[in-house]
Structures are given as structure tokens and as C-alpha cells.
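Undergrad: This is the structure I want to talk about, given as C-alpha cells.
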Amino acid sequence: MTKPAILWFRQDLRLADNPALTDAIENEKAVVPVYIYAPEEDDGWPPGSATKWWLHHSLQALSDELEEHNSYLVIRSGDSLAQLQTIIKRTGADTLLFNKRYEPEAHEIEEKITAKLSKSGIIVRSFNGSLMREPGLIRNKEGKSFKVFTAYWRNCLAANQPRQPLPAPKSIKTFKDRPESIALEQLALEPKIKWAKGISEAWQPGSKGVHKSLKHLTESVIHDYGDSRNRPDQNGVSRFSPHLHFGEVSPNMIWHVVSEALRTTSSAKTKTNASIYLKEIGWREFAYDLLVNFPYSTNEPLYEDYANFPFLKDAHALKAWQKGLTGYPMVDAGMRELWHTGWMHNRVRMIVGSFLVKDLLLPWQVGAKWFWDTLVDADLASNTMGWQWVAGCGADAAPYFRIFNPISQGAKFDPDGKYVRKWVPELAKVPTKYIHSPWLASKDELRQAGVELGKDYPLPIVDHAFARTRALAALKEAKSKI
Ligand SMILES: Cc1cc2nc3c(=O)[nH]c(=O)nc-3n(C[C@H](O)[C@H](O)[C@H](O)COP(=O)(O)OP(=O)(O)OC[C@H]3O[C@@H](n4cnc5c(N)ncnc54)[C@H](O)[C@@H]3O)c2cc1C
């Protein structure tokens, strides 16, 4: 009897377009599907609460799908190498197959495991299942990596097309003598208190959720993405980010679905919008390129000019930001959407991020940590790039003096206040004219809307004009120390 292969699931919790699984099928190997929960192998960024919730449900969905294929999922926790060695001993497996992770430490651990097991005679094959291109491949003429997206993306488009997705397996040859597995519940990923109700109402992890998002993408999003992607009051984005993070869908699958729509549509508008969407997927690739090339950027500014920035320590302000009680409706709506659903619209991520760093002068790392704990799509590459961008110290950074104004951003991207009214219901009856700056309404107008500022809803925690001047002065001070 030929020996089985261990199929080690990483951040690729899917069966379709799974290069490691396809390799097993092509080589007619029986597989032992395994997932190992190893939070201490996560680059010092162990999974946050929202991530854990998603992981629980994603593993459940994967396990169900494997069972539909007369297979199973072995769940273990602890040191990955030790667990793999135990399973190899137990099953007699001679091969390890997996799709790589690209976070620096997680990748380093994979390399160590590969070296150690290869030395003991195990065949180890690893694949790229989560990015369209291996990070580090796209370089400029001097052979250096890019720090600017537009140049990076131009070079990506000039390179080969991303590979075609691999078909989902019809059947999976599985090693019959299933090794011991712990129950999913033993990982204790779900919160003990009923904190995740809003998240579970908003999301469906696993391939069923992926299909819903794909439908929304092709039937709606790509026809108007250029305009609606900036509108948190509309349903104009694909909400693929958590599915992509956990590898329930691959970027190649999305790329080819959208490319096909772009190729076959006769609508010039759809063609334009589909191209814009493809470029956004490119930002995710760019984030991984940056993470691999500049691993220190998860904690330190990409550009060291910003290392001396005189940030403040203000626990009260931080709490107000986290709870959505800053007195700026657009900021508060975003922070409450995040808490309630584990996700926030990209435009609003930029607004709340700018507010934390520039209006409150709190370190971007503090914001990144809060997002890490509360986002269902928390991703080391994209979160790092997003926060560095917002703070003005990262790739393609907006100049520091470009400070988002939460009032005018609200008026532009939530013109009727629909988004604010949904997430800050105490302002639901405030006239549209004042929805992004309720303190400008008269006492009478507020009374009619049923709001008393300072009681039902806070007064602004800081004056934006003052905060802007203060932020510019702080930058000048930091620059003078270089
Ligand atoms: C401060 C800050 C923190 C962020 N943290 C994360 C994070 O932890 N995880 C995460 O996935 N995204 C993060 N983003 C990027 C972006 O906000 C989300 O990817 C996007 O909102 C997800 O929604 P969507 O899937 O509907 O996006 P769509 O607009 O439908 O875009 C499709 C896909 O393109 C990719 N994408 C789009 N915009 C970006 C971007 N700016 N950066 C990287 N990828 C992008 C995502 O994979 C996304 O799912 C962050 C942005 C900011 C400003």
C-alpha cells in the first residue's frame, strides 16, 4: 500500500483552487487532512477575538465539506512540528503538502519544518495558494522592491497573468485510519460572552459565504465599483476580505471571474469598473510584498523619519475612540460598525484612522492593535499597510499635512447621513444639514431630534481645527529631530 500524504491546512481553508490538494490528487496520494492551531507561531500577533470567531466557523465549514467528500479534518493544537511528527509516526505518511503563509515568522517556521522533515526522509512540497504572485518577485530595474503602488502594479500587469484557478475536487482519496483529533470546541475560539451576535448575523464563513460574495460581486459590485466603493451608505463593495484572509477563496479565483466579466461585457462602464476592482485586489498583493520586504513595518514606521513623532498617551481619548464616543458622528459610526460586525468600510477605516493618529495624536500602532482584535479580516499585511498609510509614514503615503476632516468626509461620502443614522441611532432624527456636525444645530433643532449633546451623545472630544494645527506642529517637531 502506498504511504499517505499529510495535507496541512494553513490559511487556505478551502477545497477549490487548492494547489496542495491538487498535488495529492495528481499523484494519487491518500491524504490525512490536518489543521494545527498554533497561535504562538503567528509573528507575535496571535489571533484576535474576531479572528478566532471566524476561524471557528471556517474550520467547521471546512470539516463539513471534507465530510461531504467522505473525508475528515484532524484538528490539533500546539507546536506545529511536534504535531506533524506525531501524525507522521501514527499514519506512516511519507509526504507533507501545504500552501505557504507569507507572514515572516510563520514562513520561517515552515522553512524550519521543511528542513527538519526533509532530513528525516519526508518529501515536503509547498505551494503558493494565497497570492497571485510570490512576494518579492516584482522588482524595479535596479532589482529593488517597490515602495510605491502605482509602479508596483504597472509591473504586475506587464508580467504574466495570474494562473488559472484549479478545479474543486470531485472526490478526495483519504487515509482511512483517521488519527486522533481534538474537538473544534476544545480550541475555545468562540467568545464566552454573547459578544459575537452582530458578527454572526453579518457573516457566513466558508464556501457558502464565498458564493454569496461572488454573486454580489458579479451581479452588482463590478458594474458601479468606481463610484460606490467610497460610499459606506451603499452596498457597493464585495466584502471578500475575511474570506480572502482565511483562504476560503483565492485571489486567482476572484481575478479570473472579474477578468471574464471584463472580457465578455459590452458595457464600457462595467469594463472600467471591473478594471478598478482588479486594481484593488492588487493592493492586497502589494501589502504582502511590503510585509515580506520590510518585516519591521508591523511595529515601526516604514520611513524612519517618523520614528520620533511626539505621540500622546491618553487612555480616556483612546477609550472614546474605541467605543465610538468621540462626538464626531462619522468616526463613531465606523467604530460601532466595527464592534458590531467585525468589519468596517475602507473609506471609514481611513477616516477613523486619521482621527486617531492626527486629531487625537495617538500612535498608529495602538489603532492597528485594536483593529487586530476586532476585525474579522485582520491581516498582518493589509492592516500594517493601511495604518502606515493613514499615519503618513508608509508606502504611497499621503503627505502628513493631508489630514482627513471627519465632517467634510462625512458630508461627501454619506451625504444623507444614512450610514451615521444606522450606527449612531441616537442621532437618527437630526436634520441632514447637521448630521455630521450636530453641535452646530440650535438647541431647538436638537430638542426636536430628541438629542441633548453631552448627555445622549458626546460633544466633540477635540476641536478638529485645533487638532489639525497641533498635528502639523508635532510633525515639524519630529522632523527637526532628524
Ligand atoms: C487603517 C486600515 C486598516 C486595514 N486593515 C485591513 C486588514 O486588517 N485586512 C484587510 O483585508 N484589509 C484591511 N484594510 C484594507 C481595506 O479596508 C479592506 O481590505 C476592505 O475594506 C475590505 O472590504 P471589501 O472586501 O469589501 O473590499 P473591496 O473594496 O470589495 O476590495 C476587494 C478586495 O481588495 C483588497 N483590498 C481593497 N482595498 C485594499 C487596501 N486598501 N489594502 C489592502 N487590500 C485591499 C481586499 O482584499 C478586498 O477584499 C485596511 C485599511 C485601512 C485604511
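Per this note's numbering, the sequence shown starts with residue -18, numbered consecutively. Just so it is clear, CB atoms sit at the ideal spot from N, CA and C, and this is done for glycine as well.
My output table needs one value for N274: the three-state DSSP class, helix, strand or coil.
TA: Three-state DSSP puts N274 in a helix.
Undergrad: Between A255 and ligand 1, is there a pair consisting of the residue's CB and a ligand heavy atom that are separated by less than 6 Å?
TA: No, Cβ of A255 sits at least 6 Å from all heavy atoms of ligand 1.
Undergrad: Leaving out the 5 sequence neighbours to the left and right, which residues in its chain are closer than 7 Å to V443 when beta-carbon positions are compared?
TA: Excluding residues within five positions, the ones whose Cβ falls inside 7 Å are D340 and L341.
Undergrad: According to DSSP, is L(-12) helix, strand or coil?
TA: If DSSP states are grouped into helix, strand and coil, L(-12) belongs with the strands.
Undergrad: With burial defined as no fewer than 16 other Cβ atoms inside 10 Å of the residue's Cβ, what is the status of L259: buried or exposed?
TA: Label assigned to L259: buried.
Undergrad: Taking L453 as the reference, give the member of G308, P14, I153 and Y287 with the closest Cα.
TA: Nearest of G308, P14, I153 and Y287 to L453, Cα basis: Y287.
Undergrad: Can you give the Cα-Cα distance for K424 and A392, rounded to whole angstroms?
TA: Computed Cα separation, rounded: 22 Å.
Undergrad: Which class does S44 belong to by DSSP, given the choice of helix, strand or coil?
TA: Three-state DSSP puts S44 in a helix.
Undergrad: For T322, I'd like the list of residues in its chain whose CB is within less than 7 Å of its CB, leaving aside the five on either flank, ordered along the chain.
TA: So the qualifying residues of the chain are G179, I180 and A183.
Undergrad: Using the Cβ count rule (16 or more neighbours within 10 Å means buried), how would you classify D208?
TA: D208 is exposed by the Cβ-count criterion.
Undergrad: Between F221 and ligand 1, is there a pair consisting of the residue's CB and a ligand heavy atom that are separated by less than 6 Å?
TA: Under cutoff, so the answer is yes.
Undergrad: Can you check whether the CB of V191 is closer than 7 Å to the CB of V238?
TA: The answer is no: Cβ separation not under 7 Å.
Undergrad: Do S52 and I153 come within 7 Å of each other at the CB atom, strictly closer than that value?
TA: The answer is yes: Cβ separation under 7 Å.
Undergrad: Identify, in the order they occur along the chain, each residue of the same chain with its Cβ nearer than 8 Å to the Cβ of V12, setting aside the five sequence neighbours on each side.
TA: So the qualifying residues of the chain are P(-15), A(-14), I(-13), L(-12), L2, A5, S52, L78, I153, K154, T155 and F156.
Undergrad: Please report how far the alpha carbon of A376 lies from the alpha carbon of Y309, in whole angstroms.
TA: The alpha-carbon atoms of A376 and Y309 are separated by roughly 28 Å.
Undergrad: Thinking C-alpha only, which one of H88, A19, E49 and E91 is nearest I56?
TA: The option with the nearest alpha carbon to I56 is A19.
Undergrad: Cα-Cα, which of M311, I174 and K457 is closest to F382?
TA: Of M311, I174 and K457, the residue nearest in Cα terms is K457.
Undergrad: Give the DSSP-derived three-state secondary structure of I466 in the structure shown.
TA: Shown here, the chain extends from -18 to 463; a query on residue 466 therefore has no answer.
Undergrad: Note the first and the last residue of the continuous alpha helix (DSSP H) segment covering V333.
TA: First-last of the alpha helix (DSSP H) with V333: N327 to S335.
Undergrad: Quick check: what's the CA-CA separation for G124 versus G117?
TA: Those two C-alpha atoms are separated by around 10 Å.
Undergrad: When DSSP labels each residue in this structure, what does L299 get in the three-state scheme?
TA: If DSSP states are grouped into helix, strand and coil, L299 belongs with the helices.
Undergrad: Locate the alpha helix (DSSP H) running through Y400, then write down its first and last residues.
TA: Counting along the chain, the alpha helix (DSSP H) containing Y400 begins and ends at K399 to W404.
Undergrad: Is any non-hydrogen atom of ligand 1 found closer than 6 Å to the C-beta of E84, if you look at the structure I gave you?
TA: Result no, Cβ not under 6 Å from ligand 1.
Undergrad: Using 7 Å as the threshold, is the C-beta distance between A149 and A42 below it?
TA: Against a cut-off of 7 Å, the Cβ pair of A42 and A149 comes out as no contact.
Undergrad: Compare the C-alpha of R451 against each of S101, K410 and L293 and name the closest.
TA: Nearest C-alpha to R451: L293.
Undergrad: Would you say the segment 294 to 308 touches the segment 131 to 147, given that touching needs at least three Cβ pairs under 8 Å?
TA: With the cut-off at 8 Å, the segment 294 to 308 and the segment 131 to 147 do not touch.
Undergrad: Are the CB atoms of G334 and G348 nearer to each other than 7 Å?
TA: Yes.
Undergrad: Can you name the start and end residues of the beta strand (DSSP E) that S107 belongs to?
TA: Segment I104 to F108, the beta strand (DSSP E) holding S107.
Undergrad: Between the segment 249 to 259 and the segment 193 to 211, can you find at least three pairs of beta-carbon atoms closer than 8 Å?
TA: As far as the Cβ criterion goes, the segment 193 to 211 touches the segment 249 to 259, which means the pair count is three or higher.
Undergrad: Report buried or exposed for E200, applying the criterion of at least 16 other Cβ atoms within 10 angstroms of its Cβ.
TA: Exposed, by the Cβ-count rule.
Undergrad: DSSP three-state call for Y269: helix, strand or coil?
TA: Helix, per DSSP.
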